[in-house]
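Its first residue numbered 1, the sequence shown is counted upward by one per residue in this note's numbering.
Data first, discussion second: the structure below is written as structure tokens.
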Amino acid sequence: MKIISVLSRKGGVGKTLLSVGLAQVLGELGHRVALLDRDPEGSAMGWQHGAQAGGVVLPYRVIGPIEATRLEPVDFLIVDTPPNDTRTLQDTARQSQVLLIPLLPGAGEMDRLQETVQALSMVELQDGVQLGFVINRTEHDNVSAAMRPALEELGYPVVAQIRKAVDYQRSFGNLIPESLTAPFREAMTELEVIA
Ligand SMILES: Nc1ncnc2c1ncn2[C@@H]1O[C@H](COP(=O)(O)OP(=O)(O)O)[C@@H](O)[C@H]1O
Ligand SMILES: [Mg+2]
């Protein structure tokens, strides 16, 4: 089982969207996928409830921390995490083979990223752990365009960019439309999780 965690100290950067998107693309490839919702706010869990209520079959299962202790075998465990919770962030990171950090465009967002990087720097990570940054809610402007070079300047590998699209918001409790799933696949191929 490979553990892929989605981490940021900051809320609203797209942790849940990225978690759900990764779970969907890996599930659609035929892998057995569970999404562990470690956020007490339960957004990922709410996504699954919405799907159940609408009769939508998701290609992954969302579980809570209690269910995680008696998890049936899966190929991938995606872990969605809460904001402002260094302990959960560090505990999740310690157990993960792949770490993904979403962030939004903007100089202030780059600044805020340091909190997350610093929390991670205090953790003894798994051997061969892979780390990738995902720029979320990109637009066709200079602010978005400046992000990749700025991150790469710092040695932070950018593995995907997700454009701003209201259809991501609308997909809560549903499948993310096929036309919007490319960035999730790209993150996974960049990190050689899938071919
Ligand atoms: N690329 C995007 N385009 C449009 N809306 C987005 C995008 N990414 C996230 N959102 C919306 O922004 C809000 C916060 O995203 P979410 O994934 O819940 O962040 P987090 O889990 O980090 O708090 C949600 O309403 C979500 O639908
Ligand atoms: Mg969330």
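Backbone N, C-alpha and C define an ideal beta-carbon position, used for all residues, glycine too.
State the CB to CB distance for the pair residue i and residue j, rounded to an integer number of angstroms; the pair is presumed to be in contact (CB under 8 Å).
i: Asp39; j: Asp80; result: 6 Å
i: Leu36; j: Ile66; result: The pair is not a contact, with the Cβ atoms about 11 Å apart (cut-off 8 Å).
i: Ala150; j: Leu120; result: About 19 Å separates the two Cβ atoms, so there is no contact after all.
i: Lys2; j: Val98; result: 7 Å
i: Gly12; j: Phe184; result: Between Phe184 and Gly12 the Cβ distance is about 19 Å, and since that is not below 8 Å, they are no contact.
i: Glu41; j: Pro82; result: 7 Å
Mind checking whether the beta-carbon of residue i lies closer than 6 Å to any heavy atom of ligand 2?
i: Asp39; result: yes
i: Ser43; result: yes
Less than 6 Å between the CB of residue i and some heavy atom of ligand 1, yes or no?
i: Ile162; result: yes
i: Tyr168; result: yes
i: Thr16; result: yes
i: Arg137; result: yes
i: Gly128; result: no
i: Gly12; result: yes
Suppose contacts are defined by Cβ-Cβ distances below 7 Å. Is residue i in contact with residue j by that definition?
i: His31; j: Phe76; result: yes
i: Ile194; j: Gln161; result: no
i: Pro19; j: Ser96; result: According to the sequence displayed, residue 19 carries Ser and not Pro. No. Outside cutoff.
i: Ala225; j: Val33; result: Because the chain is modelled from 1 through 195, residue 225 falls outside the range shown and cannot be assessed.
i: Leu180; j: Arg137; result: no
i: Pro59; j: Gly14; result: no
i: Val159; j: Ala187; result: yes
i: Ala68; j: Gly173; result: no
i: Arg9; j: Thr88; result: no
i: Tyr168; j: Leu71; result: no
What ranges does the beta strand (DSSP E) occupy inside the stretch 92 to 135, keeping only unbroken runs of at least 3 residues that lie completely in it? Whole beta strand (DSSP E) segments, 3+ residues: 98 to 103.
My parser needs the alpha helix (DSSP H) runs of 4 or more residues fully inside the stretch 43 to 92; what are they? DSSP runs (the alpha helix (DSSP H)) wholly in the stretch 43 to 92: 43 to 53 and 65 to 68.
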